[in-house]
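Under the working numbering, the letters of the sequence shown match residues 857 to 1258, in that order. Glycine included, C-beta positions come from ideal geometry on N, C-alpha and C. Treat the numbers as computed from the prediction; the structure is a model and nothing was measured. To start, the structure itself, in structure tokens.
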Amino acid sequence: MDFEFSQEHRIFRSSLRDLLEKEIAPIVDEKEKRGGLTKEEALDLYAKLRKVGIGYDPESIEVYFEDPFYYGIASEEISRVWASLNVVIGMSFPVVFVNLASDETKDALGKRLEKNQVIGCLAVTEPEAGSDTSTLKTTAELDGDEYVLNGTKTWISNAPIADVALVAARNKETGAQEMFLVDRINSPFETSELHKIGWRCAPTGEIYFKNCRVPKENALSAMVAKSLSGEAKIPIPEGVTKLYGYMSPLSAIFCMARAGMALMATGISQGCLDASVSYAKQRKQFGRPIGRFQLIQDMLYKMLSITESSRLLAYKALDLVTKGDPKARLMSSLAKGYACEGCVKVAYYAIQIHGALGLSEEYPLERYFRDARMMTIPDGTTEIQKLIVGRELLGKGFSAYV
Ligand SMILES: Cc1cc2nc3c(=O)[nH]c(=O)nc-3n(C[C@H](O)[C@H](O)[C@H](O)COP(=O)(O)OP(=O)(O)OC[C@H]3O[C@@H](n4cnc5c(N)ncnc54)[C@H](O)[C@@H]3O)c2cc1C
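Printed below as a string of structure tokens:
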């Protein structure tokens, strides 16, 4: 093991946990009953998180996003209390590109960004392109100084409440894939909401681009070039930019995102374990606490071993991202696959230990179970993580899907 948490990381974790317990945990159940957060509700939560340095404004971003360990600790701790909130804040990351975009985009969003009031989304998936992102149908056609986007994106986290979207599209002329930052004020787009079994408060939706005009300065390649020329810095971890030397920018971003998903799963598992330990001590049957039964202890053993292994794999992956080590790709997929499958099992055991109360809507376990079940699909299914690990272990010639 060649990584450890600094004193600052520990202080951050404890102040975040304190904030979550005092200000956020008490409102979760009521919000979850009402479904997807409105933009106002999301921004109100952004304001609460900013108090401990989580956000995309110039001051917070150095804490939350530029050091992958802060991002990881935040994913873990927030998800221990409320998985949906972690999706809403984590999937907003395309906001980091606003300051490198066209003047129109900066003018429209710059002031709100200063106050951490911009919500973002990453739009890659399409109705016919899920795991296979090489078959995108959304097109970008250059017309004068603008690209014109046409196509439909689906299953996009934050879509209904987003101010900006980082959109993957195929260049109509060259056929090459490119990404574009689309700000909703200058380049309006329509969305609709999709409903799902878990992450109920994290709005998910479709996005429809119909002749949506985007300044050519908003192409990701142009924004990265601006950053390389020193015009403005992209506030992303140095390790992620180092990874660009070994893989595409999207794959490098996915290394960090997948380690973050693994920590999100770890947080869900930890929440289930904490509740189960406490319940096992307090609930009595056959004249003794159920925690004294060996079969209950067997479940707690399995829950703890999954939670601890998930955490170790995920922080190991984040450490490799921090160092810009290309092994980050293998390790983040291994961590994502293992921890996300693991939290489904942990949530199952938590319900089992709670008996009928585990199934009750009066207790949070059924929410943890639904949220855990979500984890094995987004950011690449478990099957895709296995294929990435297989290719990284065996070499490119063994890729199962290229
Ligand atoms: C709640 C939620 C939020 C999401 N958020 C976002 C977002 O913010 N942005 C975004 O762009 N996308 C997002 N997605 C989309 C997500 O990334 C895709 O759903 C995912 O990549 C899988 O694509 P699919 O659902 O089309 O499944 P498919 O690709 O159709 O897969 C169906 C099944 O086939 C398996 N399969 C596919 N290919 C292979 C293969 N080669 N070998 C073996 N098995 C295979 C899969 O593992 C799966 O079991 C989100 C999805 C959900 C559910």
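Check whether residue i and residue j have beta carbons under 8 Å apart
i     : j     : result
Y912  : N972  : yes
F921  : V944  : no
P1145 : K1137 : yes
S1166 : T1122 : yes
G976  : S931  : no
K967  : N1006 : no
A1118 : L1169 : yes
A1075 : E1034 : yes
L992  : A1032 : no
G1180 : L1099 : yes
Y1101 : G946  : First, the amino acid is wrong: residue 1101 is Gly here, not Tyr. It is not a contact, given that the beta carbons lie outside the stated cut-off.
M1120 : N955  : no
G1127 : Y1224 : yes
D923  : P1091 : no
D1235 : A1113 : yes
K1009 : I1063 : yes
F861  : T1178 : no
Neighbour-count burial assignment, residue i, 16 or more Cβ in a 10 Å radius
i     : result
F868  : buried
E915  : exposed
F859  : exposed
A957  : buried
S1125 : buried
T994  : buried
E1000 : A small correction: the amino acid at residue 1000 is Gly; Glu does not occupy that position in the sequence shown. Exposed is the call here.
D900  : exposed
F1142 : exposed
I1053 : exposed
Y1171 : buried
P1016 : buried
L965  : buried
G1251 : exposed
L872  : buried
P882  : exposed
L1249 : exposed
S870  : exposed
P950  : buried
Sequence-distant residues of the same chain with beta carbon closer than 8 Å to residue i, five excluded per side
i     : result
E1029 : E997 and L998
L1129 : L1156, M1159, L1160, T1163, V1202 and A1206
L1040 : Position check: residue 1040 holds Arg in this sequence, whereas Leu was assumed. Here the set comprises A1018, D1019, V1020 and A1021.
I1152 : A1136, I1146 and I1209
Q918  : A quick correction: the sequence has Glu, not Gln, at residue 918. Counting only Cβ-Cβ distances below 8 Å, and skipping sequence neighbours, we find P1091.
A1088 : N955, L956 and K1082
A985  : T991, L992 and K993
M1079 : F953, L956, A957, L1037, E1073 and I1090
Closest by C-alpha distance to residue i, when choosing among the options
i     : options                      : result
E1002 : N1042, A964 and P1016        : N1042
I880  : G1000, A939, D1175 and C1111 : A939
D1019 : K962, T989, R1056 and T981   : K962
P1077 : F1045, N1027 and T1060       : Contrary to the premise, residue 1077 reads as Ser rather than Pro in this sequence. Comparing Cα positions, the closest option is N1027.
S987  : W1055, G1127, T1237 and G891 : T1237
V1096 : G1253, L1174 and L872        : L1174
E897  : L1250, A985 and V974         : V974
I934  : V1133, E918, L1106 and D874  : D874
A903  : F861, R890 and L969          : L969
S1107 : K1072, A1195, S990 and S1132 : S990
I1244 : G891, K1089 and F1110        : F1110
S1048 : N1014, K878, A1081 and R1226 : N1014
K878  : C1196, K907, R890 and K895   : K907
Same chain, Cβ closer than 6 Å to residue i, neighbours up to 5 away in sequence not counted
i     : result
S1255 : R1247
V1038 : A1021, V1023 and V1070
C1057 : K887, E888, L893 and S940
H1210 : Y1135 and L1221
V1004 : E997, N1067 and R1069
V884  : W938
R1139 : I1146
V1133 : none
E1046 : Y1064
7 Å Cβ shell around residue i - same chain, five flanking residues per side excluded
i     : result
L1176 : K1183, A1184 and M1187
W1011 : T981, L1050 and T1060
I1240 : S987
C1199 : A1121, I1124, S1125, A1228 and M1231
L1215 : I1207 and E1222
S1189 : R1114, Q1241, I1244 and V1245
L905  : G911 and I945
L876  : E933, I934 and V937
is_contact[residue i, chain D] using C-beta, thresh 8 Å
i    : result
E933 : Going by chain labels, chain D is absent from the structure shown, which holds only one protein chain.
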